[in-house]
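Data first, discussion second: the structure below is written as structure tokens.
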Amino acid sequence: HARDTWKQIIELENDFDRVVFLGDYFDSYDLSGVIQLHNFLEIVEFKKTSDKEVVLLFGNHDYHYMRGFNGQYHYSGYQPAFAWQFGDAIHENMEHLQMCYLFDNILCTHAGVSSVWLEKHFPNTQITNLESVSMMVDTINDHFKFKPNVFEFDGWDPYGDNVTQSPIWIRPKSLMQSNKDTNLKKQVVQVVGHTQQDDIFESFRMSNKIMGNKYLVIDCVGTGGYVVVDNGITIAKQL
Numbered sequence: 645h646a647r648d649t650w651k652q653i654i655e656l657e658n659d660f661d662r663v664v665f666l667g668d669y670f671d672s673y674d675l676s677g678v679i680q681l682h683n684f685l686e687i688v689e690f691k692k693t694s695d696k697e698v699v700l701l702f703g704n705h706d707y708h709y710m711r712g713f714n715g716q717y718h719y720s721g722y723q724p725a726f727a728w729q730f731g732d733a734i735h736e737n738m739e740h741l742q743m744c745y746l747f748d749n750i751l752c753t754h755a756g757v758s759s760v761w762l763e764k765h766f767p768n769t770q771i772t773n774l775e776s777v778s779m780m781v782d783t784i785n786d787h788f789k790f791k792p793n794v795f796e797f798d799g800w801d802p803y804g805d806n807v808t809q810s811p812i813w814i815r816p817k818s819l820m821q822s823n824k825d826t827n828l829k830k831q832v833v834q835v836v837g838h839t840q841q842d843d844i845f846e847s848f849r850m851s852n853k854i855m856g857n858k859y860l861v862i863d864c865v866g867t868g869g870y871v872v873v874d875n876g877i878t879i880a881k882q883l
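So the sequence shown is numbered by my numbering: it starts at 645 and just counts up by one.
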């Protein structure tokens with residue numbers, strides 16, 4: 645949401661192989677549209693010029709600015725005065741954006757991949773190993789480019805707490821429910837944002853106690869929290 649905390653994190657963690665942004669570049673409640681647009685373009689420029697891998701995932705607060713969706717879908721925080729500018733910036737940089745990212749056994753999305761949603765939209769998907777997860781990621785990313793309507797808000801719950809929701813909408817409770825006893829849960833750890841957490845260390849505790857270390861909700865950048873993955877070990881950090 646237009647915070648430039650990422651600059652401090654990158655300066656601190658300068659010995660990195662990759663940086664993953666989890667989306668929601670827009671719809672700040674306290675920063676102007678000009679600042680939001682500038683920050684997004686700075687992030688894109690960082691990806692373009694960095695000699696390291698930089699991954700820009702897509703969030704629900706970016707989705708309603710996509711071309712073809714402007715004026716149809718207005719979610720919380722939508723800013724009509726800058727809708728066309730945000731939409732143009734997204735359109736012009738689509739090649740730098742994606743919906744999913746997999747490295748090692750860690751699956752990163754804005755909100756999480758639901759097996760129920762996956763079965764609804766991609767019924768022929770078979771998850772048996774990490775290679776099949778990688779194929780699933782490619783399929784989802786292709787649809788983001790060419791058939792983005794599969795990521796529309798779905799279900800009756802206005803908060804998005806529904807197992808049929810897409811990777812930019814689903815909430816942690818429904819994400820866990822949707823993947824109970826599935827091969828997707830067995831193959832990957834899902835790292836997601838979307839649902840704000842007050843404290844990164846408390847989020848890690850809940851991941852261990854409630855989520856069986858298979859889900860990590862890390863939307864803590866507002867309080868300076870972030871996560872480093874070092875040799876397969878996830879580490880909570882605080883600015």
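Note that the Cβ used here is the ideal one computed from N, Cα and C, for glycine as well.
- Residue 815 carries a coil assignment under DSSP once its states are collapsed to helix, strand and coil.
- Around the Cβ of residue 879, a 10 Å sphere holds fewer than 16 other Cβ atoms; the residue is exposed.
- For residue 671, the closest of 732, 707 and 753 by C-alpha to C-alpha distance is 707.
- The beta carbon of residue 661 sits closer than 7 Å to those of 696 and 697, all from its chain and outside the five residues before and after it, given in chain order.
- Here the alpha carbon of residue 757 sits roughly 32 Å from the alpha carbon of residue 725.
- Look at the beta carbons and you see the stretch 726 to 737 not touching the stretch 805 to 812: under three pairs across the two are nearer than 8 Å.
- Under the three-state reduction of DSSP, residue 723 is assigned to coil, being neither helix nor strand.
- The beta carbon of residue 718 is closer than 7 Å to those of 708 in its chain, skipping five residues each way along the sequence.
- Per DSSP, residue 753 is not a residue of any alpha helix (DSSP H), being assigned neither H nor E.
- With a minimum length of 4 residues, the unbroken runs of alpha helix (DSSP H) contained wholly in the stretch 769 to 802 fall at 774 to 790.
- A residue is called buried once 16 or more other Cβ atoms fall within 10 Å of its Cβ, and residue 863 is buried on that count.
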